[in-house]
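When we follow this note's numbering, the leftmost residue of the sequence shown carries the number 1, and every step to the right adds one. Glycine residues also receive a C-beta, built at the ideal position from the N, C-alpha and C atoms. See below for the structure under consideration.
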Amino acid sequence: MKRTSMAAAVLTGPGKTRIDRVAIPDPGPGQVRIRLEGCGVCASNLGPWAGPEWMAFPTEPGALGHEGWGTVDALGEGVSSLLVGQRVAALSYRSYAEFDIADEAACVPLPSSLAGRPFPGEPLGCAMNIFRRADIRAGQDVAIVGIGFLGAILTRLATDAGARVIAISRRPFSLEVARRFGAAETIALDDRAAVVARVAERTGDRLCARVIEAVGKQEALDLSAELTGERGRLVVAGYHQDGPRQVNMWLWNWRGIDVINAHERDPAVYAAGIRDAVDAVADGRLDPSPLYTHSYGLDELGDALDATRDRPDGFLKAWVRLA
């Protein structure tokens, strides 16, 4: 008998979820339906999870999940580049569920060499796009402030580009990950002035040609600016979702810093980044598998979000099992 309903997570209030049975969606023109295998958990979910004033509960079934991958299950009218049964990573928006709908152009096929492996395409694509915007070159000193999933991948990409990466993080576990991913030096983020002094010492007072801020907090942004050398590039990769920021405009002006907001909104650019990530993982240039540290069932989504917020020792990236 053909299935007509699916399980989907619903946020019912701050820090609260439930699992509903809802109708399986049908793809519209130019869309496909994906039977999901998994969905990564993004730190951008933490704002809604906390229940700010602007958040409306209950959410739509599956809402907030946007890092899904799985198998194409049905084709909408006009879809020509994908096939039923094809495994894809997708940029879609209700993937805390067993099925989701995505535009054809937002789906990137996964080769058979990646069979059975988790592939949260959206954050992997973000990392590739951030790296492109950073314009990192061989021989540069590059500081990466914040070593989580994103920071670790950027450490690998920058190191492979011939840069000397200085990884900065509060957690000893994260610093060990950075070393495994190629960092030339790691620095514990405790006293800000001491961090700046150590980077200055290691770079002959030049500081860094490129600094990637991957935390999303005011103090990390402040530190990142201080680490950026004259005519350097400060790349904001952290997700700043808790309101306005202050910047030291004197410092930015005096050093002639270029500031790049590395967040994308164009779905075509997202998809291009995901394609780049597929190529990098498939040919062995990038192996993100050690970074998928925690997995949860759909009914444990609340635990996954709490872990993403609290970051227990050994945590880097959570994903939700859907198949």
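The C-alpha of GLN86 is placed about 14 angstroms away from the C-alpha of ALA106. One thing to note: ALA97 has its Cβ within 9 angstroms of the Cβ of LEU322. Put simply, the backbone Cα of PHE57 is about 6 angstroms away from that of GLY13.
For PRO109, the pairing in a beta bridge is given by DSSP as VAL88.
Measuring C-alpha to C-alpha distances from ALA23 to each of GLY302, ARG33, ALA143 and LEU298 identifies ARG33 as the nearest. Per DSSP, the continuous alpha helix (DSSP H) segment holding ARG198 begins and ends at 192 to 202.
When secondary structure is reduced to three states using DSSP, GLN31 falls in the strand class. Here the alpha carbons of GLU226 and MET249 stand approximately 11 angstroms from one another. The alpha carbon of PRO123 has as its nearest neighbour, out of TRP69, PRO25 and GLY30, the alpha carbon of TRP69. For the 9 angstroms CB-CB criterion, LEU11 and CYS42 do not form a contact. Judged by their CB atoms, LEU154 and ALA188 are not nearer to each other than the 9 angstroms cut-off. Of LEU157, VAL236, PHE131 and PHE119, the smallest CA-CA separation from ARG285 is found for LEU157. In the DSSP secondary-structure assignment, THR155 is not bridged to any residue. PHE119 is bridged by DSSP to nothing; it lacks a bridge partner. For GLY243, the closest alpha carbon among the candidates THR308, LYS217 and THR228 is that of LYS217.
For GLU219, the enclosing alpha helix (DSSP H) covers residues 218 to 227. Boundaries of the beta strand (DSSP E) around ILE19: 16 to 23. Secondary structure note for GLU185: its beta strand (DSSP E) is the uninterrupted segment 185 to 188. In this model, LEU91 and GLU53 are separated by some 27 angstroms (Cα to Cα). In this structure VAL79 is buried. Its beta-carbon is surrounded by 16 or more other beta-carbon atoms within 10 angstroms.
At the C-beta level, SER5 and TYR239 stay beyond 9 angstroms of one another. For the pair ILE147 and ILE168, the CB atoms are nearer than the 9 angstroms cut-off. Closest in C-alpha terms to ASP141, from the list GLY40, ILE166 and SER113, comes ILE166.
Approximately 22 angstroms separates the beta-carbon atoms of ASP299 and ILE101; this is outside 8 angstroms, ruling out the contact. When the alpha-carbon of ARG117 is set against those of VAL72, ILE144, CYS39 and HIS66, the nearest one is in CYS39. A distance below 7 angstroms between beta-carbons, with the five flanking residues on each side excluded, links MET55 to the following residues of its chain, in chain order: PRO48.
According to DSSP, residue pairing for TRP54 in a beta bridge does not occur.
The segment 240 to 270 contains, as complete alpha helix (DSSP H) runs of 4+ residues, the segments 249 to 255 (chain order).
Following the DSSP letters along the chain, one finds ALA7 inside the beta strand (DSSP E) bounded by residues 5 to 13. For ARG210 against GLY182, the beta-carbon gap comes to about 15 angstroms, at or over 8 angstroms, which does not count as contact.
DSSP links TRP319 through a beta bridge to GLY40 and SER295.
Within the same chain, ASP26, PRO27, VAL32, ARG33 and VAL84 come within 8 angstroms of ALA74 by CB-CB distance, once the 5 residues on both sides are set aside. Where PHE99 is concerned, the enclosing beta strand (DSSP E) starts and stops at 99 to 103. Per the coordinates, the alpha-carbon of ASP313 lies some 14 angstroms from the alpha-carbon of TYR292.
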